[in-house]
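A.B. asks: Protein chains in written order, with UniProt numbering: chain A, 1 to 263; chain B, 1 to 263.
Glycine residues also receive a C-beta, built at the ideal position from the N, C-alpha and C atoms.
On a predicted model such as this, the values are computed, not experimentally measured, just so you know.
One structure coming up, written as structure tokens, with questions to follow.
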DNA sequence: GCGAAAATGTTATAATTATAACATTGCATG
DNA sequence: CATGCAATGTTATAATTATAACATTTTCGC
């Protein structure tokens, strides 16, 4: 399996580059070989294509990867993020203009947006934009620029200026690290400008983080914990987070029990 | 089938809003019903979800819709666009910075980009951006703004200025209508600014249109035929196009036979 | 509570898709 | 031109997914 096989995969990949599915039967006739050969191509060579129930799809496309495999460990992770986003969504009101940060934490929030009549979403993340573009009730503003694959988001010099021109109501920010004394940080420096601009412009700022982020310090610092009005996190994690927290009082923290403002 | 059913679908849609697939088995256990019930929900109510080989996906997501159904009439249309794009791709050179227009015509071009070592793609279309984001060898610059679902693209006041700041090498432009005397037009007015800016800035301008567009006049005029250096179209359509064409001579028109410069 | 109708579950069966085993073709090398 | 090996095709069988039929449960009006 080498040259011919690779060529076939290239042709198929080319065909599917724009998205869509291709039945194995059609893929075979397109390449002028039998279905079995296509199957063997896929299992021998590694490619960007995936076979999903007899149909070929681009593996990198968002809808092809399993989102919720009950058998996998992700089943532990996903419901948590879903829960956090459900809490976060309780702060959304009809007509809001929301800034939604990049990363996977806030993705389940997007599903909740269908429950409103009219919203506006501002984002610099491609995965967020793709999900929101399918919602007829949500106006989408994508802040463009150069694409960074690592975070599926865009960076640009005038990101800050672009955000300042928009009347953002509520900012939903995610982070890769939160430390009581060292503040809130993320992995990629190009995320700093949009995050800071959104924090500066929004009238309400929400930080949404799961417990695993607490105590972590990541390369790109972008805010102090005090810059946020609301922190949404796991209940069991909340006390640990605020041990050395000396800033202003957090309101509306949706952690009903077990949370004590120990500072 | 009404209330309960709709709620289940809403939950599933929420779960899949961010993309990914959900096995029917998992969907059933998530909703606390049998697989059969989910199947019935899907077949009774219409929703944004699709069942693809035992897995649920968002139907609106690019990778879920069949791209090339050999049994359908699209099989007649797609190969043509593929052919046009193959010709158009022959003008691409290593290291180029390409402007790629919105619409479906240029989508097959994106598959060809994988054959190069390093390229930069500038676009204001979400579907183009999604496809290009999967290519590791292509730098992607997305021109953002307000999203227009009708053309899967973005519009913004400073689109023109943003394009002028980028050194665009070759502009690949599509159109919904081309008329010998009335010029080149499209359906949506927000497309005019980016198209015109790209035409103004690029050092080489290519118009890619299939024969069905010739003779059509659409609401939004954006260029004269003379503004383009190269026109890529079906061979049989070329002569008709240039009957009253009095502008400068087109070079590199990749229509080897049957084409006569009748002007 | 009773009975009808809707909703859901269960089972059987058909259709499709996946895997494995073996047959055939085609190409390169001596 | 025979030989061997890689590539592909064919067929059989297993596994999965889809559909249909019927059983059971739930819901709601009376």
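To which residues of the same chain is residue 140(A) closer than 7 Å at the C-beta, ignoring the five residues directly before and after it?
C.D. replies: Correct list, in chain order: 121, 129, 132 and 133.
A.B. asks: Compare the C-beta of residue 167(A) against all C-beta atoms of chain B and say whether one is closer than 8 Å.
C.D. replies: Not an interface residue.
A.B. asks: Exposed or buried, which one is residue 75(B) when buried takes at least 16 other CB atoms within 10 Å?
C.D. replies: Model confidence at residue 75(B) stands at a pLDDT of 47, short of 50, so the residue's coordinates are unreliable; what they give is reported in the following sentence. Exposed, because fewer than 16 other Cβ atoms sit within 10 Å of the Cβ of residue 75(B).
A.B. asks: By DSSP, does residue 121(A) sit in helix, in strand, or in coil?
C.D. replies: In the structure shown, residue 121(A) sits in a strand (DSSP, three-state: E or B).
A.B. asks: Among the residues of its own chain, which have a CB less than 7 Å from the CB of residue 215(A), if the five just before and after it don't count?
C.D. replies: Contacts found: 179.
A.B. asks: Any residues in the segment 137 to 155 of chain B with a beta carbon nearer than 8 Å to a beta carbon of chain A? Which ones, in chain order?
C.D. replies: The residues in question are 139, 140, 141, 142, 143, 144, 145, 146, 147, 149, 152 and 154.
A.B. asks: Can you list, in chain order, the residues of its chain with a C-beta nearer than 7 Å to that of residue 47(B)? Leave out the 5 residues immediately preceding and following it.
C.D. replies: Closer than 7 Å at the Cβ level, and outside the excluded window around residue 47(B), lie 9 and 13.
A.B. asks: Determine the closest residue to residue 192(A) out of 219(A), 234(A) and 109(A), with distance taken between C-alpha atoms.
C.D. replies: If we check each option's Cα against that of residue 192(A), 219(A) comes out closest.
A.B. asks: Spatial neighbours of residue 153(A) within its chain, please: C-beta separation below 7 Å, excluding the five flanking residues on both sides.
C.D. replies: Closer than 7 Å at Cβ, skipping near neighbours: 102, 124, 125, 126 and 191.
A.B. asks: Report the residue from 138(A), 189(A) and 194(A) whose alpha carbon sits nearest the alpha carbon of residue 269(A).
C.D. replies: Any property of residue 269(A) remains undetermined from this structure, which presents chain A solely from 1 to 263.
A.B. asks: By how many angstroms is the C-alpha of residue 226(A) removed from the C-alpha of residue 99(B)?
C.D. replies: Whole-angstrom Cα-Cα distance: 43 Å.
A.B. asks: Grouping DSSP H, G and I as helix and E and B as strand, with all else coil, what is residue 265(A)?
C.D. replies: Outside the displayed range of chain A (1 to 263) lies residue 265(A), so it cannot be described from this structure.
A.B. asks: Distance check for residue 45(B) and residue 146(B), CA to CA, integer angstroms please.
C.D. replies: Near 31 Å, if we compare the C-alpha coordinates of residue 45(B) and residue 146(B).
A.B. asks: Inspect the beta-carbon positions of residue 88(B) and residue 184(B) and report whether they are closer than 8 Å.
C.D. replies: Going by C-beta atoms, residue 88(B) is not nearer than 8 Å to residue 184(B).
A.B. asks: Which chain B residues sit within Cβ distance under 7 Å of residue 107(A)?
C.D. replies: Under the 7 Å cutoff, chain B gives 18.
A.B. asks: Who pairs with residue 126(B) in a beta bridge, going by DSSP?
C.D. replies: For residue 126(B), which the question treats as bridged, DSSP gives no partner whatsoever.
A.B. asks: What number of angstroms, rounded off, separates the C-alpha of residue 175(A) from the C-alpha of residue 149(B)?
C.D. replies: Distance between the alpha carbons of residue 175(A) and residue 149(B) is about 30 Å.
A.B. asks: If you drop the 5 nearest sequence neighbours on each side, which residues of the same chain put their C-beta closer than 8 Å to that of residue 187(A)?
C.D. replies: Excluding positions up to five away in sequence, the list reads 150, 151, 176, 218, 219 and 220.
A.B. asks: Can residue 222(B) and residue 205(B) be called in contact, C-beta distance under 8 Å?
C.D. replies: For residue 222(B) and residue 205(B), no; Cβs fall outside 8 Å.
A.B. asks: Run the CB neighbour count on residue 136(B), radius 10 Å, all protein chains shown included, and call it buried at 16 or more, exposed below.
C.D. replies: Result: exposed.
A.B. asks: Can you check whether the C-beta of residue 60(A) is within less than 8 Å of a C-beta belonging to chain B?
C.D. replies: It does; some Cβ of chain B falls within 8 Å.
A.B. asks: What does residue 23(B) pair with, by DSSP beta-bridge criteria?
C.D. replies: Residue 23(B) is bridged to 55(B).
A.B. asks: Put residue 28(A) into one of helix, strand or coil per three-state DSSP.
C.D. replies: DSSP places residue 28(A) in helix when its eight states are reduced to three.
A.B. asks: Does residue 127(B) get closer than 8 Å to chain A when you measure Cβ to Cβ?
C.D. replies: Residue 127(B) counts as touching chain A.
A.B. asks: Applying the criterion that 16 or more other CB atoms from any shown protein chain within 10 Å of the CB defines a buried residue, is residue 181(B) buried or exposed?
C.D. replies: Exposed, since its Cβ has fewer than 16 Cβ neighbours within 10 Å.
A.B. asks: In the structure shown, what three-state DSSP assignment does residue 217(B) receive?
C.D. replies: Residue 217(B): coil per DSSP, three-state reduction.
A.B. asks: Looking at the C-beta of residue 164(A), does it have a partner C-beta in chain B at a distance below 8 Å?
C.D. replies: Answer no: the Cβ-Cβ gap between residue 164(A) and chain B never drops below 8 Å.
A.B. asks: Where does residue 8(B) sit, in a helix, a strand or coil, going by DSSP?
C.D. replies: If DSSP states are grouped into helix, strand and coil, residue 8(B) belongs with the helices.
A.B. asks: Residues of the UniProt domain "HTH deoR-type" (5 to 57) of chain A in Cβ contact with chain B at a cutoff of 8 Å, in chain order, please.
C.D. replies: Residues 10, 13, 14, 15, 16, 17, 18, 19, 20, 21, 22, 23, 25, 26, 29, 30, 48, 52, 53, 54, 55 and 57.
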